[in-house]
Amino acid sequence: MALDFVLRNAAIAGDEPHICDIGVAGGRIAAMAERIDADVSAEDVAGKLVVPGFVETHIHLDKSCILDRCRSHDGTLSEAIAEVAAAKRGFSEDDIYERARRTLEKAILQGTMRMRTHVEVDPRIGLKGFRAVRALKQAYAWAIDLEICVFPQEGLLNDPGTEELLVEACEQGADLIGGCPYTDSDPPGQIARIFAIARRFDCDIDFHLDFDLDPSWMDLEEVCRKTEEMRWGGRVAIGHVTKLSALAPERFRAAARRLAGAGVAVTVLPATDLFLMGRSHDHNIPRGVAPAHRLLDHGVTCSIASNNVLNPFTPFGDCSLVRMANLYANVAQIGRPNELAACLDMITSMPAKLMNLRDYGVAVGNPADFVVLDCHDRAAAVAEIIRPLFGIKNGRRTFVCPPAKLLKEGRGHDNDMADRS
Ligand SMILES: [Zn+2]
């Protein structure tokens, strides 16, 4: 087969990193071998780590970049929901598109190539957010595969008209359905309705769940029970689940076994969970981040994701998933190389599994999606918050981030100027 180009000496992430050449033809990986002899253009990455793009399973593009329109006084979850609900009344489709575009471009520049964005639907906002993000999905398909999860942030059974809108969005191209039982007057009732919509459209489900630190009750059991009853194992994810961080070891192990057995995956959102949890404490403030690495030990599929940037849920952020993996490692107090490597897996292969992506991975036949990192192994990427050098999506270069350069003793200034002339 005629190749279009070859990426030489790429370190492929895995338990045993191996160096190989990757041949690309027609936007796909056509060959992988220790040495590919072909008279085509080639780029030697000299043993640098190559990942098939980062995978963001949980972000809200529609409500990013609204910090200047909201108050963050108490810093609680209920305040964040109320502030965004008020700001949302002023959203237009163009405004949502523009803010979402800024955030999406940042994520692309950080090496994210697959993304699930949660989009709010209710009778106030209607389908404005959905339509704006659907347009964005098409406009940026050259750089990122965007999956749209519509969900009722402000409740379902307590908010008449919402279910009809969710159904309409599913009819018009939403990829999956989400839920948020903790804002509903009837949490089990909402869970049942969401499963019913998922069955009708044969789609996956992604809940916001168990988002506080009170271990006296959880919706986790009901989601696992419905997942088994509907035979939806492997198609259900739950996000935040901060209550897991408040469970004593024995109950935690039981919950982890339950999740693994039912086939329910977990997304941990360290930046948001750290910012919002434990606000009732005035000292010894709990971290409130679910221990994903310990869930992995029990066979639960886990991802680390961003949730938000620049809004009352998450006032910070640059859309870097590597930085989020590093934040998680720091908060979870893990530092062994194999555990740091697992943190990189939670922003690559694990979230790909959560999203049921069947064509993800550096392997022959898959799309030629590569992000080249300025390091040689997975642990270093997380420990040093390594930035990508460049990205290739479907065989085409989508971004470059040249490494910063020291100008020793002031020299280089002239060269620098000469470079630009
Ligand atoms: Zn969320």
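The opening position of the sequence shown corresponds to residue 1196 in my numbering, with each subsequent residue numbered one higher. No residue lacks a Cβ here, since even glycine has one placed at the ideal position from N, Cα and C.
Cα-Cα separation between residue i and residue j, rounded to whole angstroms
| i | j | result |
| --- | --- | --- |
| L1439 | D1263 | 33 angstroms |
| A1197 | A1575 | 35 angstroms |
| M1541 | A1295 | 24 angstroms |
| A1520 | V1577 | 6 angstroms |
| A1395 | R1388 | A small fix is needed here, since residue 1395 is Arg in this sequence, not Ala. The straight-line gap from Cα to Cα measures roughly 11 angstroms. |
| Q1385 | Y1523 | 30 angstroms |
| P1598 | G1605 | 18 angstroms |
| K1600 | P1583 | 15 angstroms |
| D1289 | S1411 | 43 angstroms |
| D1405 | P1347 | 16 angstroms |
| D1370 | L1516 | 22 angstroms |
| L1360 | V1279 | 19 angstroms |
| V1495 | R1420 | 16 angstroms |
| H1313 | T1543 | 19 angstroms |
| E1315 | A1206 | 40 angstroms |
| I1580 | N1353 | 43 angstroms |
| N1589 | R1311 | 19 angstroms |
| D1614 | L1602 | Since pLDDT at D1614 reaches only 49, below the 50 mark, its modelled position is unreliable, and the value read off the structure follows with that caveat. So the alpha carbons of these two residues sit roughly 14 angstroms apart. |
| F1470 | M1227 | 44 angstroms |
| V1245 | A1282 | 41 angstroms |
| F1390 | P1376 | 12 angstroms |
Collapsed DSSP secondary structure at residue i in the structure displayed
| i | result |
| --- | --- |
| S1259 | coil |
| R1584 | According to the sequence shown, residue 1584 is Leu rather than Arg. In the structure shown, L1584 sits in a strand (DSSP, three-state: E or B). |
| M1310 | strand |
| S1236 | strand |
| D1614 | For D1614, the pLDDT reaches just 49, beneath the cut-off of 50, and the residue's location in the model is therefore unreliable, leaving the point undetermined. |
| D1340 | strand |
| A1485 | coil |
| L1371 | strand |
| F1325 | helix |
| A1547 | helix |
| G1434 | strand |
| T1593 | strand |
| I1224 | strand |
| G1218 | strand |
| N1502 | strand |
| L1202 | strand |
| E1315 | strand |
Any non-hydrogen atom of ligand 1 closer than 7 angstroms to residue i Cβ
| i | result |
| --- | --- |
| G1374 | no |
| N1502 | yes |
| H1255 | yes |
| H1493 | no |
| H1571 | no |
| H1403 | yes |
| H1313 | yes |
Residue i, buried or exposed, once every other Cβ within 10 Å from all chains shown has been counted against 16
| i | result |
| --- | --- |
| D1379 | buried |
| A1527 | buried |
| A1449 | exposed |
| A1466 | buried |
| G1368 | exposed |
| R1518 | buried |
| A1241 | exposed |
| N1502 | buried |
| K1323 | buried |
| V1595 | exposed |
| Q1305 | buried |
| H1255 | buried |
| H1253 | buried |
| H1476 | exposed |
| A1302 | buried |
| A1441 | buried |
| A1208 | buried |
| F1511 | exposed |
| G1473 | buried |
| S1498 | buried |
| H1268 | exposed |
| A1558 | exposed |
| H1213 | exposed |
Contact test: residue i Cβ vs ligand 3 heavy atom, cutoff 7 angstroms
| i | result |
| --- | --- |
| G1434 | By its list of ligands, the structure shown excludes ligand 3, since it contains just ligand 1. |
Open item on the list: Does the structure place the region 1537-1549 close enough to the region 1331-1340 that three or more beta carbon pairs sit under 8 angstroms?
Closed with: Because the criterion of three Cβ pairs below 8 angstroms is not met, the region 1331-1340 and the region 1537-1549 do not touch.
Open item on the list: Measuring CB atoms only, is the region 1394-1409 touching the region 1212-1228, in the sense that at least three cross pairs come out at less than 8 angstroms?
Closed with: The region 1394-1409 vs the region 1212-1228: no contact.
Open item on the list: Counting beta carbon pairs with one atom in the region 1415-1430 and one in the region 1480-1488, are three or more of them shorter than 8 angstroms?
Closed with: They do not touch, by the three-pair rule.
Task: Touching by the beta-carbon criterion (3+ pairs, under 8 angstroms), the region 1289-1306 and the region 1323-1337 - done: The region 1289-1306, when compared against the region 1323-1337, does touch it at the 8 angstroms Cβ threshold.
Task: the region 1226-1236 in contact with the region 1199-1207 per 3-pair CB rule at 8 angstroms - done: Yes, they touch.
Open item on the list: Under 8 angstroms, with one C-beta from each stretch per pair, do the region 1266-1278 and the region 1446-1465 reach the 3-pair mark?
Closed with: Contact fails: fewer than three Cβ-Cβ distances are below 8 angstroms.
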